[in-house]
Amino acid sequence: MMDIGKILDLFKSELVVINVGSHTFASALEKQGYTAVQVDWVPPAGGDKKLQEILKIMGGLH
Amino acid sequence: MAIYVKIEKNRYIDSLQTLFTTALLNDHEGIEIGYVNMANTAFKEVLRKEEMLLPEIEALSDADFVMVARCTSQKLFDEAVAAINKDAFSVSTDRSGTSFRTIQEAKAGHPEANICTIAVPGEYVLEEVVKALDAGLHCVVFSNNVPLEDERKMKELAVEKGLLCMGPDCGVANINGAALVLASINNRGPFGICGASGTGIQHVAAILHECETGISQAIGTGGNDLKEPVGGLMMQLGISALEADPDTKYIILISRKPADSVLEVLLKKIGSCKKPVVVFFMGCDKALIEKHGGIFASNLDDCAEKALNLIGKTFSLDTEQEIRALAGKIAEGVNPKQKYLRGLYTGGTYMDEAMRTMEPVLGPVWSNAPLKSQFKLENSSVSKENTCVDYGEEEFTKGRPHPAIDPSVRRPAILKEAGDPEVAVILLDFILTPPGHMEPVGYVLDDIKTAMDMAKAEGRKLVFIGTILGTDADLQNKKEQSEKLQEAGVVVCKTNHTASRLATEIIKILKERA
Numbered sequence: 000m001m002d003i004g005k006i007l008d009l010f011k012s013e014l015v016v017i018n019v020g021s022h023t024f025a026s027a028l029e030k031q032g033y034t035a036v037q038v039d040w041v042p043p044a045g046g047d048k049k050l051q052e053i054l055k056i057m058g059g060l061h
Numbered sequence: 000m001a002i003y004v005k006i007e008k009n010r011y012i013d014s015l016q017t018l019f020t021t022a023l024l025n026d027h028e029g030i031e032i033g034y035v036n037m038a039n040t041a042f043k044e045v046l047r048k049e050e051m052l053l054p055e056i057e058a059l060s061d062a063d064f065v066m067v068a069r070c071t072s073q074k075l076f077d078e079a080v081a082a083i084n085k086d087a088f089s090v091s092t093d094r095s096g097t098s099f100r101t102i103q104e105a106k107a108g109h110p111e112a113n114i115c116t117i118a119v120p121g122e123y124v125l126e127e128v129v130k131a132l133d134a135g136l137h138c139v140v141f142s143n144n145v146p147l148e149d150e151r152k153m154k155e156l157a158v159e160k161g162l163l164c165m166g167p168d169c170g171v172a173n174i175n176g177a178a179l180v181l182a183s184i185n186n187r188g189p190f191g192i193c194g195a196s197g198t199g200i201q202h203v204a205a206i207l208h209e210c211e212t213g214i215s216q217a218i219g220t221g222g223n224d225l226k227e228p229v230g231g232l233m234m235q236l237g238i239s240a241l242e243a244d245p246d247t248k249y250i251i252l253i254s255r256k257p258a259d260s261v262l263e264v265l266l267k268k269i270g271s272c273k274k275p276v277v278v279f280f281m282g283c284d285k286a287l288i289e290k291h292g293g294i295f296a297s298n299l300d301d302c303a304e305k306a307l308n309l310i311g312k313t314f315s316l317d318t319e320q321e322i323r324a325l326a327g328k329i330a331e332g333v334n335p336k337q338k339y340l341r342g343l344y345t346g347g348t349y350m351d352e353a354m355r356t357m358e359p360v361l362g363p364v365w366s367n368a369p370l371k372s373q374f375k376l377e378n379s380s381v382s383k384e385n386t387c388v389d390y391g392e393e394e395f396t397k398g399r400p401h402p403a404i405d406p407s408v409r410r411p412a413i414l415k416e417a418g419d420p421e422v423a424v425i426l427l428d429f430i431l432t433p434p435g436h437m438e439p440v441g442y443v444l445d446d447i448k449t450a451m452d453m454a455k456a457e458g459r460k461l462v463f464i465g466t467i468l469g470t471d472a473d474l475q476n477k478k479e480q481s482e483k484l485q486e487a488g489v490v491v492c493k494t495n496h497t498a499s500r501l502a503t504e505i506i507k508i509l510k511e512r513a
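Listed in order, the protein sequences are those of chains A and B.
Note that numbering that gives the first Met the number 0 numbers the first sequence so that position 25 is 24, with each residue one more than the last.
Note that numbering that gives the first Met the number 0 numbers the second sequence so that position 377 is 376, with each residue one more than the last.
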């Protein structure tokens, strides 16, 4: 049996959105009158794959 | 026309944002064609093909950011860059002026937040979704190119926590009245939709809106949810939630045909559901759906109609007889040399539906994504006989946004097709959504008028048929967009299926006449 209590809570609540990535989706929600909180996401280690691997091995990338 | 460039070293802009920004750049006065991206190898390749790869761009690294355009003057290019920096890159913050670097920080700053939209490159999606779910947030994942095993993992975690994980590859979701990602703005009402096809959800919801009813919630599961490795986890959770939701009186399910094992699970769920369930699983057997108590729908229009019937309403579409009569009237005055149609689509689902409507009557339709592989166009910019082209396909969107956001990718095709003396009908679709282009019709209106005038001057009658996916509540307003098309002489049809039926009948009449 799936627990759907939290989904029913969402359906009853005021929507507050955290937007990760492109600002465009946050702006589109604000235009509709909803609250959008922006996370200015950047890839780990600036997108540098080699550096990400090294950091992972060193335990520095979470 | 010279090439101008603006470089910013060591500035990261995510890929989706660069696509939206490219759309803004291409909209600016004086810009013939422009691109915005990180200076990675793939982007340099795109610029090389466009003969825009200046030596200073070639010398850049992946960590550098570039705006480049063919433009009429340095002044106009500088103005475009300034406008983009102001409009697209002004950092969105919360009311206290704080900007957040991570989901955890944002949730700590806004404990009332309850849902998270995620649009990051596919390889990073799993870790961001896990962070959001761990923070107790429901998720809408727009990103695509997420491995199926990652999708399975994030959905198992979501189910375990009792949270929604809509997507990956979720194009459309409406929660509590908000249009998320690329959805339309809809009325609220008694219908809860759960679907794996974004366009399908948007189409049915728009018809419900037009008939003065609406949706309680629309849960987009993402296109891969009903595949074997993912097991329909989100559609199962969605059905359970909609069944328990007091504001949802009826449930609508929309998808391509699910994998057999997934279909079996879903049919059981439909069978035990206490609310009426309208089911459109493309290509699924009617008897099978009905045996499990579902209300069978044969296509998207029928899906909306079956839902409306539940509340004693109906969506009046043109009858076959009316379509034939209108086609006969439109075909009058068409030059005998004009005998083909050209469909220029921004929505792949719509092109697919159109070709399935056309082929049984007209024979094979050439396309960049044909129904049968032997009718694939060698060059998508060179049409043959009856042709449909999807401008949302990857070949057109490499380094460019989807045409719903940046319609410039489809624009040149209108005058090109209109210049072909054998073309009688041009079909166009337009998609409305809050992040989309604010004037999708206005953007091509001059080209449509020029095309009609050009044809007339050459003794031809060119027929334009258009459809608009969206609602009057959308920021672009469907009614206003539709009126602009009609004023220009475009035949506007209520649905994509009707538009393709009408086009098919016109071509059939012209063929018989010849």
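Positions of the beta carbon are idealized from the N, C-alpha and C atoms, including for glycine.
Treat the numbers as computed from the prediction; the structure is a model and nothing was measured.
- Proximity to GLY391(B) across CYS272(B), LYS448(B), ASN385(B), SER407(B) peaks at SER407(B), based on C-alpha coordinates.
- The beta carbon of TYR11(B) falls within 8 Å of a beta carbon belonging to chain A, placing the residue at that interface.
- Contact between the segment 227-236 of chain B and the segment 173-192 of chain B is absent: fewer than three C-beta pairs spanning the two stretches fall below 8 Å.
- In this structure, the alpha-carbon of ILE83(B) lies about 18 Å from that of GLU438(B).
- Here GLY237(B) has CYS193, ILE218, THR220 as same chain residues with Cβ atoms under 7 Å from its own Cβ, once five neighbours each way along the sequence are excluded.
- Chain A has a Cβ within less than 8 Å of the Cβ of VAL119(B).
- Excluding its 5 nearest sequence neighbours in each direction, LEU59(B) has C-beta neighbours in its own chain below 6 Å: ALA38, listed in chain order.
- Using a Cβ-Cβ cut-off of 8 Å, ALA204(B) does not count as an interface residue toward chain A, since no Cβ of chain A sits closer than that to its own.
- Nearest CB-CB separation between ILE174(B) and chain A: below the 8 Å threshold.
- A distance below 8 Å separates the beta carbons of VAL203(B) and ALA303(B).
- Judged by pairs of C-beta atoms under 8 Å, the segment 402-422 of chain B touches the segment 440-455 of chain B, as three or more such pairs exist.
- Within chain A, no residue has its beta carbon less than 9 Å from that of ASN298(B); the closest one is some 29 Å off.
- For CYS138(B), the enclosing beta strand (DSSP E) stretches over residues 137-140.
- Looking at the backbone, the Cα of SER215(B) and that of ILE206(B) are separated by about 14 Å.
- Between the alpha carbons of GLU159(B) and ILE251(B) lies a gap of roughly 24 Å.
- Contact annotation for LYS106(B) against chain A: ILE17 [CB-CB distance below 7 Å, chain order].
- THR356(B) and THR386(B) have their C-alpha atoms roughly 13 Å apart.
- If you keep only unbroken alpha helix (DSSP H) runs of at least 4 residues inside the segment 368-449 of chain B, you get 393-396, 410-417.
- Listed as beta-bridge partners of VAL462(B) by DSSP are VAL424(B).
- Under a criterion of Cβ atoms nearer than 7 Å, the residues of chain A adjacent to ASP244(B) are, in order, LEU7, PHE10.
- Sorting ALA177(B), TYR3(B), ASP405(B) by C-alpha distance to the C-alpha of VAL443(B) places ASP405(B) at the top.
- Nearest to GLN337(B) by alpha-carbon distance, out of VAL490(B), SER260(B), VAL4(B), GLU457(B), is GLU457(B).
- ASN18(A) is a Cβ neighbour of VAL36(A), given a cutoff of 8 Å.
- Residue state for GLU7(B) is assigned as strand, using DSSP reduced to three classes.
- Residue pairing of ASN173(B) in beta bridges, as defined by DSSP: ALA178(B), ALA217(B).
- Secondary structure of SER297(B) (DSSP, three-state): coil.
- Comparing alpha carbon positions, the residue from THR17(B), ALA112(B), THR20(B), PRO54(B) closest to TYR33(A) is ALA112(B).
- Excluding the 5 residues flanking it on each side, MET350(B) has same chain C-beta neighbours closer than 6 Å at TYR344, CYS387, ASP389, in chain order.
- In the DSSP assignment, PHE190(B) falls within the beta strand (DSSP E) that extends over 187-194.
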